[in-house]
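Working notes, beginning with the structure itself.
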Amino acid sequence: MATPSPAPVVITGIGVVTPAGCTPGELWAALRAGRSTAAVLDHLDLSRHKVRIGCRVRGLEDSDLLSAKDARRMDPFARYGVTAALAAHRDAGSPRPDPARTAILVGNAVGGRTTSDQESAHYTADGPHRVNPLMPLLTMPNAAAAQIAMRLRWTGPATTIATTCASGADAIGQAVALLRAGRADVVVAGGCEATLSPVTLAGFGNLNAVSLRNDEPDQACRPFDADRDGFVMGEGAGFVVLERARDAAARGARAYAEVAGYGATCDAHHLSMPLPDGSGAVGAMTAALTDAGLTPADIAHVNAHGTSTPHNDRAEATALTKVFGTGGPPVTASKSVLGHLIGAAGAVELIAAVQAMRAGEVPPTANHERLEPGMDIDVVHTRPRPVPPGPALSNSFGFGGHNASLVVVPA
């Protein structure tokens, strides 16, 4: 007996909080312009740091989704996540399913790092009595999922997924699996992160993972470029509302795209270095294509993980060539504009892939001037490139060897 095809799952709502702005329109305009949002982080004392640049969220003060009082009682990572999730819910028409037939899946890597650093400083300077009693609640990685559930009053599972830089993509992929299995009717899924703290920046600087172009921050992140020297830390959130296509149609909801495929693997190799041959990434991409019922030739463009670190870009380029052949589909890397949003990256970049697919053009990779010799991929740079509005693939590869790929197709 043939296995029935899974029920199509579509995106009916989108919400973002990014260094490029806090609406999907602002995000797309910045990606299309191909201008980096990186700048000197002059709100922090980084005078002794090797790295002093990053991509900060802007425009969040204009949001009407959280009161000032509520915002003050959240670490920035949770505030970003709640705002983006509520924006996605509103964009989807504020669906009101049976609360028990819902799910919330949040990708996050480190939790409330800002609060943790602040309270550690209070402890060091003034002793234990000065530590905020809410500190444990503000810093727990599941704080965003809990806050979203309380505001929507959804009583289904509210789960936090921590696969570092693949977290947001894994949250969306696992949300699709829940809907296909009939275990939920509406899911809010995505990722959120806020790691622009002195301690975190110092750690990544000492790891030699980030760019040291402090004097030219807008040129620092340059994925796949021969002169790249590391990623730029960013912050933000991206969330989508997911429903089975038939349910969305029944309530007259707009469908942005179908999330048709998801694949995940682990390199089982190293905590920070990818497999040089890209085989783990190949496995994730191949699994996502198989899940979607597509071949590599069907993919119109790729939103690459594209961190701008030497080893990761090289491994991903190798993997892309193995999957798609020499040249392959046009490739863009959103981190060149937004920085690396860590646990939020996969979700925001999937949204970017959907926007590009709907617009029929691939945004440029900022700062990309000269492809590293030996890479056989087609990196879009300088200006947007028109493409047929066909399926797109989005890659997210995280520390620890976590690999996740998602495929979206027109709804």
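For any residue, its number in the working numbering is found by taking its place in the sequence shown, counting from 1, and adding 60.
Just so it is clear, CB atoms sit at the ideal spot from N, CA and C, and this is done for glycine as well.
These numbers come from a predicted model, not from an experiment.
Report yes if the C-beta distance between G323 and L398 is below 7 Å; otherwise report no.
no
Any 3 or more C-beta pairs closer than 8 Å across the stretch 302 to 311 and the stretch 120 to 130:
Between the stretch 302 to 311 and the stretch 120 to 130 there are fewer than three inter-stretch CB-CB distances shorter than 8 Å, so the stretches are not counted as touching.
Could you round the C-beta distance between G73 and G167 to whole angstroms and report it? I think they count as a contact, below 8 Å.
That pair is no contact at about 17 Å.
If you run the structure through DSSP and keep just helix, strand and coil, what is A62?
With a pLDDT of only 48 at A62, under 50, the local geometry of the prediction cannot be trusted, and no value is derived from it.
Run of the alpha helix (DSSP H) containing T97, from where it starts to where it stops:
No alpha helix (DSSP H) holds T97; DSSP gives it neither H nor E.
Is the distance from the Cβ of H103 to the Cβ of L261 below 7 Å?
Going by C-beta atoms, H103 is not nearer than 7 Å to L261.
Fully enclosed by the stretch 404 to 467, which beta strand (DSSP E) runs are 3 residues long or longer?
437 to 439 and 452 to 458
On a Cα-Cα basis, can you pick out the residue from A206, C115 and A163 that is closest to G141?
A206
As assigned by DSSP and simplified to three states, the class of V342
helix
Cβ neighbour criterion (16 or more within 10 Å) applied to G187:
G187 comes out exposed.
Counting only runs that start and end within the stretch 189 to 224, where is the alpha helix (DSSP H) found for 4 or more residues in a row?
195 to 199 and 203 to 212
Bridge partners for M293 per DSSP, in chain order?
Partner residues in the beta bridge of M293, as assigned by DSSP, are H400.
To the nearest angstrom, report how far apart P470 and R418 are at their CA atoms.
7 Å
Report the three-state DSSP secondary structure of L91 (helix, strand or coil).
In the structure shown, L91 adopts helical secondary structure according to DSSP, grouped into three states.
Terminal residues of the alpha helix (DSSP H) in which T174 lies:
Per DSSP, T174 belongs to the alpha helix (DSSP H) from R173 to D186.
Reduced DSSP category for H109 - H, G, I as helix; E, B as strand; rest coil
The DSSP-derived three-state label of H109 is coil.
Just to confirm my understanding: we take V270, look at its own chain, exclude 5 residues before and 5 after, and list those with CB closer than 7 Å. What are they?
V111, F264, G290, F291, V292 and M293
Quick check: the Cα distance between G216 and N202, rounded to an integer number of angstroms?
15 Å
What residue from V362, A235, D275 and R314 has the CA that sits closest to I113's CA?
D275
Which residue marks the beginning of the alpha helix (DSSP H) containing V259, and which one marks its end?
P258 to N266
Output the distance between the C-alpha atoms of F299 and C225, rounded to the nearest integer angstrom.
15 Å
Note the first and the last residue of the continuous beta strand (DSSP E) segment covering P390.
G387 to T392
In whole angstroms, what separates the C-alpha of S180 from that of R213?
33 Å
Is it right to say D337 is buried, meaning 16 or more other beta carbons lie within 10 angstroms of its own, or is it exposed?
exposed
E429 burial status per 10 Å Cβ neighbour count (16 or more: buried)
exposed
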